[in-house]
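Numbering (the numbering used here), first residue to last: 35 to 432.
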C-alpha cells in the first residue's frame with residue numbers, strides 16, 4: 035500500500051506545486067525581486083571578524099582566560115608606534131635628544147584615556163637630565179655614551195640603519211575592537227603626531243615621522259581582505275556561470291533572468307547577516323561561491339527539461355510541469371544529502387566551521403525553494419516567455 039501511495043503522493047505534490055506557481059506567478063516573482071533588493075541592501079552592512087574570542091564559544095576556557103586577563107591585568111590589544119628619525123651625518127649624534135623626544139611622546143600617549151599603558155626603550159632609562167649646571171652636563175655626557183653602547187645592542191625597542199633611527203613605543207589599548215579600530219587608530223595617530231611636532235627641536239630633526247603598525251593592524255587588514263575576497267570570489271563564480279546559462283537558453287536576457295533564483299538564496303542569507311549584525315569570518319567567505327555552484331547545477335537541470343519540453347511545442351505551464359516532474363525529486367534528494375553532510379560540522383566547537391555548515395544548510399535550503407517555486411513562477415510570467423522563445427519560434431516556423 036505504501037509502495038502504491040508514494041507515487042500518487044508525489045504526483046499530487048508536483049501538481050500542487052505546478053498549479054500554485056502558475057496561479058501566483060507574478061506575485062511570487064515580485065516577492066523574489068523585492069527580497070533580492072532587500073538582501074542587497076543588507077550585504078552592504080556586512081562586517082567581518084578575525085578575533086580569537088569570536089572563533090570559540092564564550093564558555094571556552096581559552097576565551098574565559100582572555101577575558102580574565104583583560105579584566106584583571108589589562109588589555110591584550112596593542113598598537114606599535116614607530117618614530118623614525120633621520121640620522122645626522124650617518125652617526126649616533128643626538129641620541130639623547132632623540133630619547134628625550136621619544137620619552138615625551140611616550141608620556142603623552144600614556145595620558146590618553148584609551149591607552150592603558152605604554153613601553154619603549156626610555157622605560158629602562160634613568161630620568162633624562164634637563165638642567166644646565168655642571169652636574170647635568172656630566173650626566174648628559176655619561177648618558178650619551180651609555181646610550182650609544184646600550185642601544186647598539188638593543189633590537190626590541192630601537193633599530194638603526196645608515197639613514198635613520200627607529201624607536202618603538204608599544205601601547206596597550208583598551209576596547210580596540212574591529213568596529214572602532216579605524217576611528218581609535220586615527221585619533222591616537224593624530225594625538226601622537228601633534229605632540230611629536232611640538233617636541234621637535236633643533237637637535238632633533240623636524241622630519242621625524244610616526245608610523246603605526248602591529249598585529250592588530252594586520253588583523254584589521256585581514257578584515258578588509260575578507261570582504262574583498264567574498265565579493266571577488268562570488269563575482270568570479272557569477273561571471274563564469276552566467277555566460278554558460280546564456281549559452282544554454284540562447285539569450286542574454288534569458289540567462290540573466292534565470293540567475294535570479296540562484297543569486298537570491300546567497301544574497302538573502304548574507305543580507306540577513308548584514309541586517310542582524312552577524313560578522314563574517316574566515317570560513318563564511320567560502321559559502322557564497324560554493325553554494326552558488328550547487329544551486330546553478332539544479333537550475334541547469336530544470337531549465338534543460340523545460341527547454342526540451344518547449345521544443346516539442348508545449349506552452350510554458352506544461353513545460354514547467356514536465357520539468358518539475360523530472361527534476362523535483364532528484365533536486366530534493368540532492369539537497370537533503372548535501373545538508374545532511376554539513377550537519378555534523380554544525381556541532382563543531384570551532385565556530386567558523388559551525389557557521390560554515392549553518393550557512394551552507396541555509397543557502398542550499400533556500401536554493402531548492404528558489405528552483406522549485408521562484409524559478410517555475412518566473413518561467414510562467416510574461417517575462418519568463420523570453421526563455422525558450424527561440425526554440426518555440428523555430429518549431430512554429432517548421
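For glycine and all other residues, C-beta sits at the position ideal for the given N, C-alpha and C.
These numbers were taken from a predicted model, which means no experiment stands behind them.
For residue j and residue i, the rounded distance between their alpha carbons
i	j	result
residue 359	residue 219	59 angstroms
residue 214	residue 228	21 angstroms
residue 295	residue 257	29 angstroms
residue 421	residue 328	21 angstroms
residue 406	residue 390	24 angstroms
residue 350	residue 291	15 angstroms
residue 330	residue 399	13 angstroms
residue 52	residue 414	10 angstroms
residue 376	residue 88	21 angstroms
residue 411	residue 276	20 angstroms
residue 243	residue 117	6 angstroms
residue 408	residue 293	11 angstroms
residue 57	residue 217	53 angstroms
residue 374	residue 252	37 angstroms
residue 150	residue 101	16 angstroms
residue 123	residue 193	Caution is warranted here: a pLDDT of 45 is assigned to residue 123, below 50, making its placement in the model unreliable, and the coordinate value is therefore given only provisionally. Each residue's alpha carbon lies about 17 angstroms from the other.
residue 142	residue 191	18 angstroms
residue 233	residue 206	23 angstroms
residue 266	residue 311	22 angstroms
residue 99	residue 372	37 angstroms
residue 248	residue 71	39 angstroms
residue 369	residue 86	33 angstroms
residue 230	residue 160	21 angstroms
residue 62	residue 254	41 angstroms
residue 132	residue 204	17 angstroms
residue 104	residue 94	16 angstroms
residue 60	residue 250	50 angstroms
residue 64	residue 419	16 angstroms
residue 337	residue 378	32 angstroms
Contacting residues, own chain, Cβ-Cβ under 7 angstroms from residue i (five flanking each side not counted)
i	result
residue 241	120
residue 146	222, 225
residue 302	69, 73, 400
residue 339	356, 357, 360, 361
residue 79	308, 309
residue 425	With a pLDDT of only 45 at residue 425, under 50, the local geometry of the prediction cannot be trusted, and no value is derived from it.
residue 208	109, 148, 150
residue 397	299, 300, 303, 321, 325
residue 96	90
Option nearest residue i by Cα separation, candidates the options
i	options	result
residue 306	109, 295, 393	393
residue 29	283, 249, 362	Any property of residue 29 remains undetermined from this structure, which presents the chain solely from 35 to 432.
residue 155	115, 196, 383	115
residue 76	300, 108, 378, 363	300
residue 416	288, 367, 95, 192	288
residue 158	208, 367, 149, 140	140
residue 110	211, 190, 82	211
residue 367	402, 265, 380	402
residue 130	82, 85, 199, 98	199
residue 137	97, 81, 202, 95	202
residue 262	60, 82, 64	82
residue 260	230, 313, 231	313
residue 278	335, 133, 112, 134	335
residue 264	317, 246, 250, 245	317
residue 113	337, 246, 378	246
Cut-off 6 angstroms between Cβ atoms - residues of its own chain near residue i, not counting five sequence neighbours on either side
i	result
residue 144	152
residue 54	none
residue 332	365, 405
residue 353	340, 343, 344
residue 380	388, 391, 392
residue 382	388
residue 395	373, 376
Same chain, Cβ closer than 8 angstroms to residue i, five either side skipped, listed in chain order
i	result
residue 286	280
residue 385	88, 89, 90, 91, 315
residue 66	294, 295, 298, 404, 408, 411, 412
residue 125	In this predicted model, residue 125 has a pLDDT of only 47, less than 50, meaning its place in the structure is not dependable; the value taken from the coordinates is given anyway. Excluding residues within five positions, none has a Cβ falling inside 8 angstroms.
DSSP bridge partner residues for residue i (one or two, in chain order)
i	result
residue 149	207
residue 243	118
residue 202	116
residue 314	82
residue 195	Partner(s): none; residue 195 has no beta bridge.
residue 435	Only positions 35 to 432 of the chain appear in this structure, which leaves residue 435 out of reach.
Touching by the beta-carbon criterion (3+ pairs, under 8 angstroms), the stretch 259 to 272 and the stretch 312 to 332: Result yes; three or more Cβ-Cβ pairs closer than 8 angstroms.
May I ask you to verify whether the stretch 45 to 64 touches the stretch 329 to 348, counting CB pairs closer than 8 angstroms and requiring at least 3? Taking a cut-off of 8 angstroms on C-beta distances, the stretch 45 to 64 does not touch the stretch 329 to 348, as fewer than three cross pairs fall below it.
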